[in-house]
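Counting in the numbering used here, the sequence shown runs from 10 upward without gaps. Structure, as structure tokens:
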Amino acid sequence: MAPRATSLAWVEDLAEEVISPRPCAQQFPDLETRVAEHDRLVEAGSAANAAADWDGALTLFDQAYPMLFKTSTLLSALSMRLQRGEAALTAACCRLLLGGEGVLPPEERAVTEASLAQAEEMVARVFAILEAEPNAADLLVPLDRHAALCSRALGASEDGRHGDAFQAYVSAWPLQRQKPGVLVSAASSLVGDGRADLAAALCVQLIDAGVLSAAEEEAAALCLEQARRELQVRHRAAARSDSGL
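What follows is the structure, given as structure tokens:
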């Protein structure tokens, strides 16, 4: 895996595109009609978010934002990206917003700062895994130890001890960094251990880094989908609890 600065370099350019997309090409007869369509899309995006349809909500917010370039709409889109595991991109966008020439209203600044803190925390958790150092004892026989740790992780996973499996995979990873596929297995263990948010962010980083083989990338995409489904189930359960249903 490349160093952190290199691994995250791509997000800066993409963040610029997210913050400053091309203006909406759709023609409107007047400003009132444009505002009404923007508000309709935002309302539909908010409804999709409430239903934990973050893909659908993101699409709607992304459609609405270039119509009026309202920061509140952009922040709604960034919230969806963070829910989907796009922590590094969300953090980069928030930094651009906070460092831009325009002055954010206090409420929007507070939301942006909160999103930045949440995104940066998740990025730090992902890179704590990616930059893990090997145990000194494991370095004595790294190849044999890597295989033993992966075998231990597989056994723990089969026994339903997903936290133990994750720890074994993360211990194996720095012994053979040329095999990032072990991190996909670690991400899968995170889902089983109830840490789907970290699993999603890890999968996004691995896929975007372009270090996986075709088969590993397919496995990472499936793990990402599984993590997002788990987060949706959790979100909907919380919503039902809050409503007293």
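Built from N, CA and C at the ideal position, the CB exists for glycine as well.
Using a Cβ distance threshold of 7 Å, Val135 and Gln241 do not count as a contacting pair.
The beta carbon of Ala210 sits closer than 6 Å to the beta carbons of Gly94, Ala96, Met131, Val135 from its chain, once the five residues preceding and following it are set aside; these are given in chain order.
In the displayed model, Pro183 falls within a helix according to three-state DSSP.
For Asn58, the enclosing alpha helix (DSSP H) starts and ends at 40 to 59.
For Leu233, the closest C-alpha among the options Val200, Arg243, Asp22, Ala119 is that of Val200. Judged by DSSP secondary structure, Phe78 falls outside any alpha helix (DSSP H); it is assigned neither H nor E. Non-local C-beta neighbours of Ser88 in its own chain, meaning closer than 6 Å and more than five positions away in sequence, are absent. Scanning its chain for C-beta atoms nearer than 7 Å, with the 5 sequence neighbours on each side dropped, one finds around Thr121 the residues Leu84, Cys103, Leu106, Leu107, Leu113, in chain order. Of the candidates Val179, Gln127, Glu26, Thr82, Val179 places its Cα closest to the Cα of Asn144. For the 7 Å CB-CB criterion, Thr99 and Ala119 do not form a contact.
For Leu23, the CB contacts under 8 Å within the same chain, skipping 5 residues up- and downstream, are Leu98, Ala101 in chain order. Contact annotation: the segment 156 to 164 does not touch the segment 221 to 229, with fewer than three C-beta pairs closer than 8 Å. For the pair Leu50 and Leu69, the CB atoms are nearer than the 7 Å cut-off.
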